[in-house]
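Number of protein chains: 2
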Amino acid sequence: MKALIIDKVGHPAKWTDVDMPVEKVGYSIIRLTASALNHRDVWITKGMYPGIKEGVILGSDGVGEIDGRSVIINPGLYWGDNERVQSDKFEVLGLPQNGTFAEYISISDEYIYDQPTHMGMEESAALPLAGLTAYRVLISRCDARSGDRVLVTGAGGGVSQFVIQFAVALGCEVYVTSSSDEKIDRAVSLGAKSGYNYREDEWYKNVDAKFDVIIDSAGGDGFQHLIKLCNPGARIGFYGATLGKYQNLNPQILFWRQISILGSTMGSDRDFQDMLTFVSTHKIKPILDRTYRLEEAHLAFQRMESGDQFGKIVLIH
Amino acid sequence: MKALIIDKVGHPAKWTDVDMPVEKVGYSIIRLTASALNHRDVWITKGMYPGIKEGVILGSDGVGEIDGRSVIINPGLYWGDNERVQSDKFEVLGLPQNGTFAEYISISDEYIYDQPTHMGMEESAALPLAGLTAYRVLISRCDARSGDRVLVTGAGGGVSQFVIQFAVALGCEVYVTSSSDEKIDRAVSLGAKSGYNYREDEWYKNVDAKFDVIIDSAGGDGFQHLIKLCNPGARIGFYGATLGKYQNLNPQILFWRQISILGSTMGSDRDFQDMLTFVSTHKIKPILDRTYRLEEAHLAFQRMESGDQFGKIVLIH
Numbered sequence: 014m015k016a017l018i019i020d021k022v023g024h025p026a027k028w029t030d031v032d033m034p035v036e037k038v039g040y041s042i043i044r045l046t047a048s049a050l051n052h053r054d055v056w057i058t059k060g061m062y063p064g065i066k067e068g069v070i071l072g073s074d075g076v077g078e079i080d081g082r083s084v085i086i087n088p089g090l091y092w093g094d095n096e097r098v099q100s101d102k103f104e105v106l107g108l109p110q111n112g113t114f115a116e117y118i119s120i121s122d123e124y125i126y127d128q129p130t131h132m133g134m135e136e137s138a139a140l141p142l143a144g145l146t147a148y149r150v151l152i153s154r155c156d157a158r159s160g161d162r163v164l165v166t167g168a169g170g171g172v173s174q175f176v177i178q179f180a181v182a183l184g185c186e187v188y189v190t191s192s193s194d195e196k197i198d199r200a201v202s203l204g205a206k207s208g209y210n211y212r213e214d215e216w217y218k219n220v221d222a223k224f225d226v227i228i229d230s231a232g233g234d235g236f237q238h239l240i241k242l243c244n245p246g247a248r249i250g251f252y253g254a255t256l257g258k259y260q261n262l263n264p265q266i267l268f269w270r271q272i273s274i275l276g277s278t279m280g281s282d283r284d285f286q287d288m289l290t291f292v293s294t295h296k297i298k299p300i301l302d303r304t305y306r307l308e309e310a311h312l313a314f315q316r317m318e319s320g321d322q323f324g325k326i327v328l329i330h
Numbered sequence: 014m015k016a017l018i019i020d021k022v023g024h025p026a027k028w029t030d031v032d033m034p035v036e037k038v039g040y041s042i043i044r045l046t047a048s049a050l051n052h053r054d055v056w057i058t059k060g061m062y063p064g065i066k067e068g069v070i071l072g073s074d075g076v077g078e079i080d081g082r083s084v085i086i087n088p089g090l091y092w093g094d095n096e097r098v099q100s101d102k103f104e105v106l107g108l109p110q111n112g113t114f115a116e117y118i119s120i121s122d123e124y125i126y127d128q129p130t131h132m133g134m135e136e137s138a139a140l141p142l143a144g145l146t147a148y149r150v151l152i153s154r155c156d157a158r159s160g161d162r163v164l165v166t167g168a169g170g171g172v173s174q175f176v177i178q179f180a181v182a183l184g185c186e187v188y189v190t191s192s193s194d195e196k197i198d199r200a201v202s203l204g205a206k207s208g209y210n211y212r213e214d215e216w217y218k219n220v221d222a223k224f225d226v227i228i229d230s231a232g233g234d235g236f237q238h239l240i241k242l243c244n245p246g247a248r249i250g251f252y253g254a255t256l257g258k259y260q261n262l263n264p265q266i267l268f269w270r271q272i273s274i275l276g277s278t279m280g281s282d283r284d285f286q287d288m289l290t291f292v293s294t295h296k297i298k299p300i301l302d303r304t305y306r307l308e309e310a311h312l313a314f315q316r317m318e319s320g321d322q323f324g325k326i327v328l329i330h
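So the sequence lines, in the order shown, correspond to chains A and B. Add 13 to a position in the first sequence, counting from 1, and you land on the number used in our numbering. Add 13 to a position in the second sequence, counting from 1, and you land on the number used in our numbering.
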C-alpha cells in the first residue's frame with residue numbers, strides 16, 4: 014500500500030510503498046478514507062520531537078471503514094486507568110506506532126469508535142486529536158460551565174477552534190486573542206463575542222471584564238497578564254506553551270482569588286468518548302481550512318507551516 | 014472589659030479597657046477562654062495589612078463558653094455560597110470586625126461550633142485559622158489521598174504543621190523542608206518520614222522520589238524546582254508566598270505531567286465543619302509552642318516574630 018513515512022530525520026516525509034499491515038488478534042485493519050494534519054506531524058518531520066523513528070507512517074487523525082462500518086480512531090494510546098494523568102506507556106498515534114497517513118491501518122479495537130453521523134468523513138477526520146485535547150482542557154480540567162466568561166488565546170490554532178466551539182456550545186461567553194483581526198472575525202463567526210489583537214501593546218488593559226476560564230497555548234512572558242484577567246475562582250488551562258517559560262507570576266493574586274493553573278495534554282479514553290457524545294449532542298462540526306489528496310500531503314504540510322490556516326487541514330485518501 | 018487593640022498603626026497592640034459587646038439578634042456573646050496568634054496579627058500591628066482600622070480588637074482564633082457550652086469560632090466570615098472561592102464580602106475575624114484577644118466577643122451564630130471534645134481549650138484555640146487553611150489547601154483543593162507522597166515546605170509554620178498532621182492522618186507519606194534540622198526532627202515526631210534542609214545548595218537534587226502533592230507557602234525563585242519534583246498528576250497547593258513571584262516555570266513539565274497549581278486561602282463554612290469532623294475522627298491535637306496570659310500578649314508577639322516557634326502560640330484568658 015501507499016503511505017507517508019518519515020524517511021530521514023529532518024527531511025520531508027516521503028510518499029512511498031510500504032507493506033500492508035498484518036491481521037492480529039484484538040486488532041482491526043481499517044481502510045482509511047480521510048486524515049488530518051496536526052502540528053505534531055510537522056514537528057516530527059523537522060526532527061523537533063522526541064523518539065523519532067525512521068520508517069514510521071505519520072498521522073494521528075483518521076477515519077475509515079471496516080466492513081462498511083464508518084469508524085473514527087482515538088489517537089491517544091495506552092492512557093491507562095488514571096483519569097488524572099496518562100500512564101508512562103502513553104503514546105500518540107503516528108509515532109512510534111504507524112499512523113493514519115496511509116491506505117490502511119491496523120489498530121487495537123479499543124481505539125475504534127463509530128464515526129459521528131451529523132457530519133461528513135472530512136469533518137470527522139479533523140476531530141480526533143484536537144477535539145480530544147480541547148475537550149479535556151476546557152471541560153475535564155477547567156470544568157467550564159454555562160455562563161462562564163471564557164478567553165481563548167491564539168484563535169487560529171487547531172485546538173483553540175474546538176475550544177471556542179465547545180465553549181459556545183456549553184453556553185459560555187467566549188472571547189479570543191489573535192495576532193490577526195481576520196482570525197478574530199472568524200472566531201466571532203463561530204460564536205465568540207469579540208476578541209483582542211495581541212499585537213497591540215498592552216492589549217490586556219483593554220479587557221473590561223474578567224474571565225472564569227482561560228485556555229492558553231502560548232505561555233511565555235504574556236502568561237503573567239492572563240492571571241490578572243482572572244475572576245475569583247478562575248481556572249487557567251493550557252496544553253502547550255510555544256513562547257516558553259512562565260515568568261513573574263503573582264502568587265498573591267493566585268491564592269487570594271483561588272485560581273487554578275491546570276496543565277493538560279491529549280485526553281483519556283473516557284474524554285474521547287465524552288467528546289464524541291458532546292459533539293454529536295451539540296451537532297458541532299469541525300472547521301476545515303483546506304483539503305488535499307493524501308498523495309499531495311507535502312502541500313498540506315506547507316499550508317500548516319505558513320500559519321495562515323484557520324481550521325483543520327484534511328487529507329482525502 | 015479588657016482587650017488587645019490596634020491603638021496606632023505601626024505601634025504595638027495595646028492592652029486596654031473597651032466597651033462590652035452589645036446583645037444583637039442572631040449573635041451570641043462568648044466569654045472567651047483562650048485564643049491563639051497568627052502571623053496576620055503580627056502583620057496588622059506592623060501596618061503590613063490592607064484596611065487597618067484603629068481601635069479594632071485583634072485576634073482570629075478563639076474558644077470560649079456560652080451558658081456552659083464550650084464553643085469554637087470559625088474565623089472566616091461571609092464566605093458565601095460558592096465553594097470554589099470566597100465572596101467579595103469575605104473577611105477574616107479580627108479586622109475589620111473585633112476579634113478574639115478580649116474577654117468577650119459578639120459573633121454571628123453561624124460561626125459558632127461545638128469545641129472538639131478530645132482536646133483541651135488551649136489546643137482547641139490553636140485550631141481555627143491555621144487548621145482551616147491547612148484543610149482546604151491539602152484536602153479540598155489538592156485532594157490528598159492515602160498513599161500519596163506529600164511534600165510540605167517550611168515545616169515550622171502554623172499552617173504547615175496542620176498540613177503535616179492532616180496528611181499523616183490521611184495515610185500519606187509525608188516529607189518536609191525546613192531551614193532548621195531541629196524543625197525537621199519535630200516534623201518527623203509528628204509522623205513525617207524525613208526532611209530536607211533548604212539551606213543546603215540544590216537540596217532538591219537529593220530528593221530520590223517525586224511527590225503527588227506539594228504544599229508551599231514560600232513561592233519565589235525556589236518554586237520552579239518544586240515543579241520538577243512533581244509526579245504525573247501532581248497537585249501543588251499554596252496559601253502564601255513569602256519569597257514573592259514565581260519565575261522560570263517550565264510549562265512542558267506542567268502540561269505533560271498534567272500538574273495542577275492551586276491557589277488557596279482560608280476556607281469555606283463547609284471546609285470548617287469538615288475540618289472539625291476530620292480532627293475529631295483522627296483525634297488530631299494541635300502542637301502548641303508556648304502559652305502566655307492574654308495580658309502578656311506582647312511576649313507572645315515577640316515569640317512569633319523571633320521565628321523560633323514550632324507550633325501555635327496560645328493566649329490564656
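In this text, a Cβ means the ideal position worked out from N, Cα and C, and glycines have one as well.
Hey, residue i and residue j: beta-carbon distance below 7 Å or not?
i, j, result
"Tyr259 (chain B)", "Leu262 (chain A)", "yes"
"Gly112 (chain B)", "Ser73 (chain B)", "yes"
"Lys59 (chain A)", "Pro109 (chain A)", "no"
"Ser48 (chain A)", "Leu275 (chain A)", "no"
"Thr166 (chain A)", "Thr190 (chain A)", "yes"
"Gly204 (chain B)", "Val181 (chain B)", "yes"
"Val105 (chain B)", "Ala147 (chain B)", "no"
"Leu301 (chain A)", "Gly280 (chain A)", "no"
"Ser83 (chain B)", "Gly93 (chain B)", "no"
"Ile86 (chain A)", "Gly75 (chain A)", "yes"
"Val55 (chain B)", "Met317 (chain B)", "yes"
"Arg162 (chain B)", "Asp225 (chain B)", "yes"
"Thr304 (chain B)", "Glu135 (chain B)", "yes"
"Gly246 (chain A)", "Gln286 (chain A)", "no"
"Ile266 (chain A)", "Gly250 (chain A)", "no"
"Gly77 (chain B)", "Ile43 (chain B)", "yes"
Taking residue i as the query, report the chain B residues whose CB atoms sit under 7 Å from its CB, ordered along the chain.
i, result
"Pro264 (chain A)", "Gly232, Phe251, Ala254, Lys258 and Tyr259"
"Leu267 (chain A)", "Gly276"
Which residue's Cα is closest to the Cα of residue i: the options?
i, options, result
"Ser193 (chain A)", "A:Asp284, A:Leu183, A:Gly81 and A:Tyr209", "A:Tyr209"
"Ala168 (chain A)", "A:Gly160, A:Val187, A:Ser159 and A:Ile152", "A:Val187"
"Leu17 (chain A)", "A:Val55, A:Met279, A:Val76 and A:Phe114", "A:Phe114"
"Gln174 (chain B)", "B:Lys21, B:Met14 and B:Ile326", "B:Ile326"
"Val35 (chain A)", "A:Asn87, A:Ile120 and A:Leu45", "A:Ile120"
"Arg306 (chain B)", "B:Phe314, B:Asp284 and B:His330", "B:His330"
"Glu309 (chain B)", "B:Trp28, B:Lys37 and B:Ile19", "B:Trp28"
"Ile118 (chain B)", "B:Ile249, B:His52, B:Leu71 and B:Cys243", "B:Leu71"
"Pro88 (chain B)", "B:Leu183, B:Arg53, B:Gly68 and B:Ile79", "B:Arg53"
"Cys155 (chain B)", "B:Cys243, B:Gly235, B:Gly81 and B:Tyr91", "B:Cys243"
"Ala222 (chain B)", "B:Glu213, B:Lys206 and B:Asp214", "B:Lys206"
"Pro299 (chain A)", "A:Leu145, A:Arg283 and A:Pro264", "A:Leu145"
In chain A, which residues lie with their C-beta within 8 Å of the C-beta of residue i?
i, result
"Val98 (chain B)", "Pro245, Gly246, Arg270 and Gln271"
What did DSSP end up calling residue i once you bin it into helix, strand or coil?
i, result
"Ala26 (chain B)", "coil"
"Arg97 (chain B)", "coil"
"Leu239 (chain A)", "helix"
"Ala205 (chain A)", "coil"
"Val189 (chain B)", "strand"
"Ala247 (chain B)", "strand"
"Asn219 (chain A)", "helix"
"Thr146 (chain B)", "helix"
"Glu308 (chain B)", "helix"
"Tyr211 (chain A)", "coil"
"Glu67 (chain A)", "coil"
"Thr290 (chain B)", "helix"
"Leu106 (chain A)", "coil"
Taking 6 Å as the cut-off, does the CB of residue i come closer than this to any heavy atom belonging to the ligand MG?
i, result
"Phe114 (chain B)", "In terms of ligand content, the structure shown is empty, and the ligand MG therefore cannot be addressed."
Output needed in chain order: residues of the segment 84-108 of chain A with a Cβ under 8 Å from some Cβ in chain B.
Correct list: Asn95, Arg97, Val98, Gln99 and Asp101.
In chain order, what residues of the segment 269-299 of chain B put their CB closer than 8 Å to some CB of chain A?
-> Of all residues in the segment 269-299 of chain B, the ones placed with a Cβ closer than 8 Å to any Cβ belonging to chain A are Trp269, Arg270, Gln271, Ile272, Ser273, Ile274, Leu275, Gly276, Ser277 and Thr278, in chain order.
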